[in-house]
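Residue numbers (the UniProt record's numbering): 1 to 640.
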């Protein structure tokens, strides 16, 4: 193709004209900017400067400082909203998951076909499966490295592919090891278990080093199938697989993802529950060693979850709530059936005490929850501990003694901490009613023979000590609502009845045998009713340091409790002189309360009315110009 010289000449002339026009336009722009700058400087020089008007500012009012937070931590700042996941990324993730599943299915079909045709023996199947697992692992490493090297494309879909490759490789490895042990029986249990844990640690290490949180998540999800497959109750070397959820929890100290921590908690709960059910389903039941191991596993896991979460809280409060409160308590609860009737059940108490200590150091709400859980742990120990002495429940004095010792310490702690919630008091008083159930049943069931044992007297003494400490620290009950105080008072009255009747029955049996036992039982119940009424009268009429409202409430609770006991229990259970004396003395006490309380209230009302009348009269007699706040003749002067 030939070029016309005239066209090229014309093109060069046109380009020169454009360059000249651009230069002229730039000169014009600079000239215009200079003119505008000179005009603005002249306008600023001619404008008069005015001083800014002073605006009076009111002094800030110093309000009371906000009250310190008693529970929990300061509110966290709102989390930034996450960008929406693109549709393409979602599709690629779904394709990756489907691809991993279909790959596993295809390998299984190919192996099955080769077996049917006689082309592949057991050794060949194992070798090919191992090569497949290694190939998937290598492909995952290559793809993960490639997605970090490229910068000109979206790598979100590659991350899903990396996760699918690694998880598929892990599942294939677990299947191979299970086949070597359970199907082909080429490996012993300890070799397969150790190899499984080694492979598990390798995959967790890869997820930590390469920051593959979803690999750790799905690997933790797979433990719901892997642990039941490899665990055998009668093969202690396989028990190591129960540590897989704890190793996954250790990963969260580096990969601080709420999803991984929640998955580790769910896996720990499932593993503990499944282990307990599997051990209990055996025909011989759990041995002492099995019970101790499972109890130690539950206690260690509970403390580990609480410690890791308190030291490294996650951005998601719901995840922390699960791993601090729900998971530790349920782990201890799931271990109870296995540890029942074994000394391992006693490990529940130090576990809950350790949780309370962790809460005292980090989270006050956990401290209160653990204190309540300690009361429940004592009840579980009392119910499931191996028998003491003759094996009767009433012979378990050690449990009751340790419980009331812990209850006294708890009351002192509640007073020192100023705890104003109902739950700690309710849990511990409810536990006290539970561990003294045998005494209560015999006290109310008209079977005093069980109350003549010296063990019953020891328990009655422990109840008396506990009630004495509660009464001496009664100011700690002041922050509680009125209904809670009434309920706790009724429970305390029941415990006092149990202690007094038990002591009277034991003393009567000591003095004159069976006849004295029955007499002591009847006299004890009569004394309880009389003492309640006398105490109510004393509180209503002569108790020092109580307001009229407080004395009225406490006295009425005692009086109502005494009347209910007289009508619904003493009338049908007692007989002879004790019943007559109980009704006679209680009736006289009620009459005295009614009459003397009225006389006591009347002078106080008259005194209040007289004081009010004198104050009103003094106000009326005061000169008008001396009334408070009245302005005198001098302008601006006001009398105070």
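Glycine included, C-beta positions come from ideal geometry on N, C-alpha and C.
**Report entry** Collapsed DSSP secondary structure at residue 496 in the structure displayed
**Finding:** Under the three-state reduction of DSSP, residue 496 is assigned to helix.
Report task. Quick one: measure Cβ to Cβ for residue 232 and residue 189, integer angstroms, because I've assumed they're closer than 8 angstroms. Result -> Indeed they touch by this definition, with Cβ atoms about 7 angstroms apart.
Query raised in the report: When we look at the beta-carbon of residue 116 and count the other beta-carbons within 10 Å, is it buried (16 or more) or exposed?
Result: Label assigned to residue 116: exposed.
Query - Burial state of residue 559 (16 or more Cβ within 10 Å) - result: With a 10 Å radius around the Cβ and a threshold of 16 neighbouring Cβ atoms, residue 559 comes out buried.
Query raised in the report: Who are the near neighbours of residue 32 in its chain, counting only those whose CB is closer than 8 angstroms to its CB and skipping five residues on each side?
Result: If we look at residue 32 and ignore the five residues flanking it on each side, it has no Cβ neighbours.
**Report entry** Boundaries of the alpha helix (DSSP H) in which residue 213 is found, first to last residue
**Finding:** Going by DSSP, residue 213 is part of the alpha helix (DSSP H) stretching over 213 to 230.
Query raised in the report: Start and end of the alpha helix (DSSP H) containing residue 404?
Result: In the DSSP annotation of this structure, the continuous segment of the alpha helix (DSSP H) that includes residue 404 starts and ends at 397 to 417.
Query - alpha helix (DSSP H) segment containing residue 660, residue limits - result: Residue 660 cannot be examined here, being either before or after the span of the chain that is shown, 1 to 640.
**Report entry** Residue environment, residue 163, which counts as buried when at least 16 other CB atoms sit within 10 Å
**Finding:** Buried, by the Cβ-count rule.
Query - Other residues of its chain near residue 435: CB distance less than 6 angstroms, five sequence neighbours each side excluded - result: Excluding positions up to five away in sequence, the list reads 382, 400 and 403.
Query raised in the report: So the alpha helix (DSSP H) residue 307 belongs to, where does it begin and stop?
Result: For residue 307, the uninterrupted alpha helix (DSSP H) segment begins and ends at 288 to 311.
Query raised in the report: Between residue 595 and residue 537, what straight-line distance do the alpha-carbon atoms span, to the nearest angstrom?
Result: Those two C-alpha atoms are separated by around 11 angstroms.
Query - Three-state secondary structure assigned by DSSP to residue 552 - result: Of the three classes helix, strand and coil, the one that applies to residue 552 here is helix, per DSSP.
Query raised in the report: Where residue 214 and residue 170 are concerned, what is the direct C-alpha to C-alpha distance, given to the nearest angstrom?
Result: If I take the Cα positions, the gap works out to 13 angstroms.
Query raised in the report: Looking at C-alpha atoms only, which residue of 369, 221 and 336 is the closest neighbour of residue 200?
Result: Ranking the options by Cα distance to residue 200, first place goes to 221.
Query - Element boundaries [alpha helix (DSSP H), containing residue 471] - result: In the DSSP annotation of this structure, the continuous segment of the alpha helix (DSSP H) that includes residue 471 starts and ends at 454 to 472.
Query raised in the report: By how many angstroms is the C-alpha of residue 267 removed from the C-alpha of residue 520?
Result: So the two alpha carbons sit approximately 58 angstroms from each other.
Query raised in the report: Using the beta-carbon count (16 or more within 10 Å), is residue 102 buried or exposed?
Result: Residue 102 should be labelled exposed.
Report task. Check whether the Cβ atoms of residue 248 and residue 297 lie closer than 9 angstroms to each other. Result -> It is not a contact, given that the beta carbons lie outside the stated cut-off.
Query - The alpha helix (DSSP H) enclosing residue 252, as first and last residue numbers - result: Note, residue 252: premise wrong, no alpha helix (DSSP H); not H, not E.
Query raised in the report: How about residue 500 and residue 540: are their beta carbons less than 9 angstroms apart?
Result: No, they are not a contact pair.
Query - Inter-residue spacing [alpha-carbon to alpha-carbon] between residue 455 and residue 497 - result: Rounded to whole angstroms, the separation of the alpha carbons of residue 497 and residue 455 is 17 angstroms.
Query - Simplified DSSP state of residue 234, which is helix, strand or coil - result: The three-state reading of DSSP puts residue 234 in coil, since its state is none of H, G, I, E or B.
Report task. In angstroms with no decimal places, state the Cα-to-Cα distance between residue 7 and residue 35. Result -> Pairing residue 7 with residue 35, the inter-Cα distance amounts to about 43 angstroms.
Query raised in the report: So, are the CB atoms of residue 159 and residue 212 less than 9 angstroms apart?
Result: Their beta carbons are under 9 angstroms apart, which means residue 159 touches residue 212 by this criterion.
Query - Spatial neighbours of residue 665 in its chain, beta-carbon cut-off 7 angstroms, leaving aside the 5 residues before and after - result: Since the first and last residues shown for the chain are 1 and 640, residue 665 lies out of range.
Report task. Specify, as a first and last residue, the run of the alpha helix (DSSP H) that residue 142 falls within. Result -> Residues 122 to 149.
Query raised in the report: Buried or exposed: which applies to residue 20, given that a residue is buried once 16 or more other Cβ atoms fall within 10 Å of its Cβ?
Result: By the neighbour-count definition (other C-beta atoms within 10 Å, threshold 16), residue 20 is an exposed residue.
Query raised in the report: Could you check where the alpha helix (DSSP H) with residue 430 kicks off and where it finishes?
Result: Following the DSSP letters along the chain, one finds residue 430 inside the alpha helix (DSSP H) bounded by residues 422 to 435.
Query raised in the report: When burial is assigned at 16 or more other CB atoms within 10 Å of the CB, is residue 301 buried or exposed?
Result: Classification of residue 301: buried, given that the 10 Å Cβ count is 16 or more.
Query - Pair within 9 angstroms by beta-carbon distance, residue 379 and residue 473 - result: The answer is no: Cβ separation not under 9 angstroms.
Requested in this report: For residue 37, count neighbouring C-beta atoms within 10 Å of its own C-beta (all shown protein chains included) and say buried if the count is 16 or more, exposed if not.
Outcome: It is exposed - the Cβ of residue 37 has fewer than 16 other Cβ atoms within 10 Å.
Query raised in the report: Whose C-alpha, out of 484, 204 and 10, is nearest the C-alpha of residue 167?
Result: For residue 167, the nearest C-alpha among the options comes from 204.
Query raised in the report: Where does the unbroken alpha helix (DSSP H) through residue 282 begin, and where does it stop?
Result: Premise fails: residue 282 is in no alpha helix (DSSP H) and is neither H nor E.
Query raised in the report: Which stretch, first to last residue, makes up the alpha helix (DSSP H) that contains residue 575?
Result: Careful: residue 575 lies outside any alpha helix (DSSP H) and carries neither H nor E.
Query raised in the report: Looking at the structure shown, is residue 207 part of a helix, part of a strand, or coil, going by DSSP?
Result: If DSSP states are grouped into helix, strand and coil, residue 207 belongs with the helices.
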